[in-house]
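Using this note's numbering, read the first sequence as starting at 764 and increasing by one per residue. Built from N, CA and C at the ideal position, the CB exists for glycine as well. One structure is given here, and the rest of the page talks about it.
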Amino acid sequence: MATTSPRKSASALWKGKTKSTLQDYEDLNPTITYRHLHSHNLGVKDPLRVIALCDSDAFYAACEQVRLGIDPSVPLVVQQWDSLIAVNYPARKFGISRMDRAKEAKKRCPELMLVHVATFKEGEKEPGYWENPDSLTHKVSLDHYRRESTKIIQMFKEGLPEGEIERASIDEAFIDFTRPVRDEILKRYPHLAQVPDNAPNGKDSPLPPPPTQILWNEKTTIVPISLPPPDCAAEGSGIAETKVVQETDEGEPCTWHDVALSIAAELMAKIRDDIYSKLGYTTSAGIARNKFIAKLAASYRKPNSQSVVRNAAIPNYLRPMAFQKIRYLGGKLGKAIAEEYDVSTVGDLLTITLEEMQHKFGEESIWVYEILRGIDRSEVKEKPSVTKSMLASKNLPQPIVQTSQGHHWIRVLAAELALRLKEAREAVPALWPKSIVLHIRQGYETSRSKQAPFPFSREITVDLVASAGDKLWKDLVGAEGSRKTPFKITNVQLSFSGIESMAPGQRSIEGFFKDSHGVGPSTPSKSKRKREDSDDESTVPRNADSPRASSARGDSADTTALVASSSLYSFVCTQCHKRLTLPGGVTELEDEEIKNEAMITLRQEHDDWHFAQELSRQSSSDQPRLAIRPPSHPSKLANVNERFATGGKKRLKEKAKPDMSDKGIAKFFSKP
DNA sequence: GTGGATGAG
DNA sequence: CGCTCATCCAC
């Protein structure tokens, strides 16, 4: 095979090595063949792979500066209560940092502009920028920043229809330039499209020599090969201005991969320019062969800049770096490694053989081993545009001691969740959280939580969410309250989980009775079976199989109509002609009010069901991409490790696990 | 499915 | 610091 597996070569190479040599980095200078260039599916093994990480400079501060139309040169910070959550670059010149209090900052720079984040307060449906937000009564909202972030991501996608985009956080995205860059290479060097007749090995012949000089984008910094950066995390460390043309750096010949990097740099610069002119945000980007290096490169020079790390520059770039700064090594695992070998830099760890590391930290250490050598095979993978959960959380400077205060905060949190879900539905139709969860933390104790199914509803109101939250609150705190145990709640979190676009026939009226009126437990099997029966039939709503369908009146704006029979709590849907009846457990109740309420709910939920189905039908024809794209996998570390552990292609076998359960790396990613 | 722990930004 | 989000795992 022309494409040699880096994994194989790395592990084969390392038997018994005690000192790192240039050979360690053979992966960094692969031979590139016509097959490589012409192939479309090499993925992470593509030797011409080019990845960028682009992040917004002092994002929250920039959002406020843009929102308020402030001149970008004025020092500005975003505050949350008394502390700072974002400091723009002009303000940093005054020595202001995120750890400062608002008072300190103002003292350092009297002209400083302080903007408080938007907050929710009880009774308001939307967050606002109030005069005197108080942490005792308000809750911060990051909504505006989320929306601005979405705009930026959208511009990446529009500017690069061929590139894969992965939103990494609210202010960062990875971009896979491999495909657009390859297209451009073939356009600029058309002779590469044809394998020459005299090529010794056909498609597996190496490409002809690349150009000896590269015209780097003028706004791009090229990380030098020989001279390692003064500090790995040299954020804004005044590095000399770059030249318009960089010749082959220090005699290191250009490669086709360098050509690829330079094209990516042009594309990246163009998009960043666009983002600035259209949205007003400056960004910093890193461009390199994989996500890991791209991420480091992005902070090589900030703000409003971009940096390229050529493969040849990687060894010296990584060697002096404190490895605990590397993503996923910042926690317990990094600490354990540091202590085990009593070292701190990447260079220190290069002397550790793969076998040694795996013996100590398990099979999966191959991931760390390769990262240290500039290898990172994680993919740039678009994440689902909506997150699977939504959390609104509030720390209570003044602990809650009675339940009435609980209801207050739940209402505030519910308002936020309701708004966010509503907004999310603007993008993805028929979104529905399967559960609602309430977490509380008391003092030092570990937090407890309760969850419950959340009914589908077309209209997400504060009341709906708050009442669900209140029930959970009663479950959690009610016991304590009634026992008259004093409680001090220091944190409250309300969240939606299991958010998905509604699949038809999912949820009906069950939750209403069970949760609102306590009917469920007494007649659980009965009401449950009823529900399922009606669902099963609802799955084929087009079939007008109800004998009484003709009695339905079709002239209403509603899709359903009540049957005028007072003894029977049922109705026939005008759309699917299906009769829906209240569960037995409910009709046996005395309370007319509840039964009427139940009818309304039943009808509303049935309408909602049709509504959701309609929407999901539209969306599936609107966005065929979703069906065509490969399924998104959990990604990240676990899967990367999985692939390594199994040789790159096969599924993970059961047997791999016992080995590392004991002292393996695995335990550092979970609880001890 | 639930509930807790951990980590990143 | 305070807040949001994701993943993993034991139960």
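How should residue i be labelled, buried or exposed, when 16 other C-beta atoms within 10 angstroms of its C-beta is the threshold for buried?
| i | result |
| --- | --- |
| Glu1103 | exposed |
| Val837 | exposed |
| Gln957 | exposed |
| Lys1058 | buried |
| His901 | buried |
| Arg1211 | exposed |
| Arg951 | exposed |
| Arg864 | exposed |
| Ser1128 | buried |
| Met862 | exposed |
| Pro793 | buried |
| Arg1183 | buried |
| Asp960 | exposed |
| Gly1125 | buried |
| His799 | buried |
Secondary structure at residue i, three-state DSSP: helix, strand or coil?
| i | result |
| --- | --- |
| Asp818 | strand |
| Arg1136 | coil |
| Ser860 | coil |
| Asn961 | coil |
| Ser1167 | helix |
| Ser1141 | coil |
| Ala825 | helix |
| Ser1230 | helix |
| Leu1343 | strand |
| Leu1154 | strand |
| Arg1090 | coil |
| Phe1250 | coil |
| Arg1204 | strand |
| Thr975 | coil |
| Asp948 | The sequence given here places Ile at residue 948; Asp does not occur at that position. Helix, per DSSP. |
| Ala1324 | Reliability fails at Ala1324, whose pLDDT of 34 lies under 50, so the model's placement of it is uncertain and no value is given. |
| Arg1082 | coil |
| Ser802 | coil |
| Ser836 | coil |
| Leu970 | coil |
Going straight from the alpha carbon of residue i to that of residue j, what length do you get?
| i | j | result |
| --- | --- | --- |
| Glu789 | Val1225 | 59 Å |
| Ser1264 | Leu877 | 40 Å |
| Leu1343 | Pro1218 | 18 Å |
| Leu1024 | Trp979 | 9 Å |
| Leu905 | Val880 | 7 Å |
| Asn1079 | Gly1110 | 9 Å |
| Ser1220 | Ser1167 | 27 Å |
| Lys1445 | Pro890 | Beyond the ends of the chain as shown, which are 764 and 1435, falls residue 1445; an answer cannot be given. |
| Gly1097 | Arg1136 | 16 Å |
| Asn1074 | Leu1092 | 22 Å |
| Glu1300 | Ser1333 | Below a pLDDT of 50, predicted positions are generally treated as unreliable, and Glu1300, at 26, falls in that range; the measurement from the model is reported next regardless. Spanning the two alpha carbons is a distance of roughly 15 Å. |
| Ala854 | Ser1068 | 18 Å |
| Lys1412 | Trp1130 | Below a pLDDT of 50, predicted positions are generally treated as unreliable, and Lys1412, at 28, falls in that range; the measurement from the model is reported next regardless. Those two C-alpha atoms are separated by around 16 Å. |
| Thr1018 | Pro972 | 8 Å |
| Leu1042 | Thr913 | 12 Å |
Please return the same chain residues whose Cβ sits closer than 7 Å to the Cβ of residue i, not counting the five positions on each side in sequence.
| i | result |
| --- | --- |
| Ala936 | Cys817, Ile916, Phe919, Ile928, Glu929 and Arg930 |
| Pro943 | Leu923, Glu925, Gly926 and Leu1030 |
| Ala1187 | Val1149 and Leu1194 |
| Ala1101 | Gln1087 and Ser1107 |
| Tyr852 | Asp820, Ala821 and Pro1066 |
| Ile1134 | Phe1055 and Ile1089 |
| Val807 | Arg1140 and Glu1142 |
Using a Cβ-Cβ cut-off of 6 Å (strictly less than) and excluding sequence neighbours within five positions of residue i, which residues of its own chain qualify?
| i | result |
| --- | --- |
| Ile1163 | Gly1169 and Ile1252 |
| Ala849 | Ala821, Tyr823, Ala824 and Val841 |
| Ala1060 | Gly1049, Ala1051, Ser1070 and Val1072 |
| Ser1040 | none |
| Ser1260 | Ser1152, Ser1198 and Val1200 |
| Leu1176 | Ala1155 and Leu1257 |
| Lys982 | Ala1032 |
Going by DSSP, which residues form a beta bridge with residue i?
| i | result |
| --- | --- |
| Ser1198 | Pro1216 and Ser1260 |
| His901 | Lys884 |
| Val841 | Ala849 and Val878 |
| Arg812 | Per DSSP, none; premise fails for Arg812. |
| Glu927 | Asp939 |
| Ser1068 | Ser1047 |
| Ile985 | Val1071 |
In chain order, what residues of the same chain lie with their CB nearer than 8 Å to the CB of residue i, ignoring the 5 residues before and after it?
| i | result |
| --- | --- |
| Val1191 | Ser1148, Val1149, Ser1264 and Ser1382 |
| Glu887 | Ala1178 |
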